[in-house]
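Novice: Let me begin by handing over the structure; questions about it come next.
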Amino acid sequence: MPLVRMTHAPYVGPGCGSEGRNKKLAHALPELFVQNSRRLGLDEDTPATAVQVTHHEFTVDDVNTPELWLEICFTEEPPSETKQMEVRFYLEQIITNWFVENGYVMPDIAVDIFWGPGRGFYRIQGEYQEW
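Heads up: the sequence shown begins at 423 in this note's numbering, then just goes up one per residue.
Following this line, the structure appears as structure tokens:
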């Protein structure tokens, strides 16, 4: 189950272009992970509701931060080092393609990827999943 923490620059005010972009990306990520489940090493029956995305804002006191930081934790057993590098490559393609296909300029971005293993469960919108 992928857990995505999206941390971004604070919004400057109403109509800030990055606010809409970040919200759209957050809502797109679950489906993007499901569509690419095999390439990302996920079970092929992973539902979109299993991909959790949370938002956080950097503060003025944060140092050396990009405009957008994605911290991705897969609760699955860690794959081989080679497969981890492949997942990193695929995630970069998936994220870059999303920006291009939606007409956005690629922001200053950092993506960190971690693997569990993790154990847990969720009960969301009438669905139940355990791992």
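Glycine included, each C-beta is placed from N, C-alpha and C at the ideal position. Note that the coordinates shown come from a computational prediction; the quantities given were computed from them, not determined experimentally.
Return the residue from the list GLU466, GLU503, SER440, PRO469 that minimises the CA-CA distance to TRP491.
Specialist: Looking up residue 491 in the sequence shown gives position 69. Nearest option by C-alpha distance: SER440.
Novice: Measure the C-alpha to C-alpha separation of THR518 and THR504 and round it to an integer number of angstroms.
Specialist: For the purposes of this step, residue 518 is identified with residue 96 of the sequence shown, where counting begins at 1. For the purposes of this step, residue 504 is identified with residue 82 of the sequence shown, where counting begins at 1. Spanning the two alpha carbons is a distance of roughly 21 Å.
Novice: Output the boundary residues of the beta strand (DSSP E) element that contains GLU466.
Specialist: One-based indexing of the sequence shown puts residue 466 at position 44. Careful: GLU466 lies outside any beta strand (DSSP E) and carries neither H nor E.
Novice: Note down, one range per segment and in chain order, each beta strand (DSSP E) of at least 3 residues found wholly within the region 467-495.
Specialist: Runs found: 474-479.
Novice: In whole angstroms, give me the CA-to-CA distance for THR497 and VAL482.
Specialist: For the purposes of this step, residue 497 is taken as the residue at position 75 of the sequence shown. For the purposes of this step, residue 482 is taken as the residue at position 60 of the sequence shown. Going by the C-alpha atoms only, they are around 32 Å apart.
Novice: Determine the contact status of PHE455 and VAL475, defining contact as a CB-CB distance below 7 Å.
Specialist: Locating residue 455 in the sequence shown gives position 33, counting from the first residue. Locating residue 475 in the sequence shown gives position 53, counting from the first residue. Their beta carbons are not under 7 Å apart, which means PHE455 does not touch VAL475 by this criterion.
Novice: Please name the residue in THR471, GLU549, ILE546, PRO501 whose C-alpha comes closest to that of GLY463.
Specialist: For this step, residue 463 is matched to residue 41 along the sequence shown. Nearest option by C-alpha distance: PRO501.
Novice: Using the Cα positions of ILE531 and GLU489, report the straight-line distance between them to the nearest angstrom.
Specialist: Residue 531 sits at position 109 when you count from the first residue of the sequence shown. Residue 489 sits at position 67 when you count from the first residue of the sequence shown. If I take the Cα positions, the gap works out to 6 Å.
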